[in-house]
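Anchor point for the sequence shown: position 38 equals 60 in my numbering, and the numbering is continuous, going up by one each time. The block underneath contains the structure these notes are about, expressed in structure tokens.
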Amino acid sequence: MRIRGLLVATVLCASLGTAAFADPILGTWQVEPDHKGQIGLVVIRRCGEAFCGRVMEVFDRAGTSVVTRSMGRDLFWDLKANGNGQYSGGQVWVPLHDRVYDAKARLKGDRLIVRGCIGPVCDGQTWNRVD
């Protein structure tokens, strides 16, 4: 009986620890409209010790769900938390150019500034939290 109680307590502490240490970057984000006016939803999740962001859904200007080549693909991967809402060290795929760049991001409340860089030259978007 005592071992069973210890096991239950261990499982509860482990599950509470995971929730307590959930990173604020995790969740669903709406990206800026692309050159066609399409808006994507990206889900950011843990990938090992880093973060990945996958395109889960895309909508056209009228709000209709559409299928694109980026759906189901990771837009970025290997992004690592540096503290104070700063992330770096990963790679980002830019569908418009079909190229991969060095990635970094900065979290400011419910906005995530995602940047792709070649050396010191960076460009990017501001994403808004959906959930």
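Here a beta-carbon is modelled for each residue, glycine too, at the ideal position from N, C-alpha and C. On a predicted model such as this, the values are computed, not experimentally measured, just so you know.
For R91, the three-state DSSP class (helix, strand or coil): In the structure shown, R91 falls within a coil segment according to DSSP collapsed to helix, strand and coil.
S37 to A44 span [Cα, whole Å]: The predicted model places S37 with a pLDDT of 37, which falls under 50 and marks its position as unreliable; any figure quoted below should be read in that light. Going from the Cα of S37 to the Cα of A44 covers about 11 Å.
Beta-carbon separation (whole angstroms), W99 vs C69, contact threshold 8 Å: 6 Å
Cβ contact check for the segment 78-85 and the segment 117-128: 3 or more pairs under 8 Å: Touching, no, given that fewer than three Cβ pairs across the two stretches are closer than 8 Å.
Beta bridge counterpart(s) of E79 as assigned by DSSP: L63
D96 - DSSP class collapsed to helix/strand/coil: strand
Own chain residues within Cβ distance below 8 Å of G59, not counting five before or after: D82, R83
Cut-off 6 Å between Cβ atoms - residues of its own chain near P55, not counting five sequence neighbours on either side: I61
Segment limits, beta strand (DSSP E) that includes I47: First-last for I47: undefined, no H or E at that position.
Nearest-angstrom Cα separation, counted from M78 out to D96: The alpha-carbon atoms of D96 and M78 are separated by roughly 9 Å.
Contact with chain D by C144, beta-carbon distance below 7 Å: Checking the listed chains, one finds no chain D in this structure; it contains a single protein chain.
Residue span of the beta strand (DSSP E) that contains V152, given as start and end: From DSSP, V152 is part of no beta strand (DSSP E); its letter is neither H nor E.
Element boundaries [beta strand (DSSP E), containing G107]: Segment: none, G107 is in no beta strand (DSSP E) and carries neither H nor E.
Nearest to R137 (by Cα), restricted to the options H57, S110, L48, I66: S110
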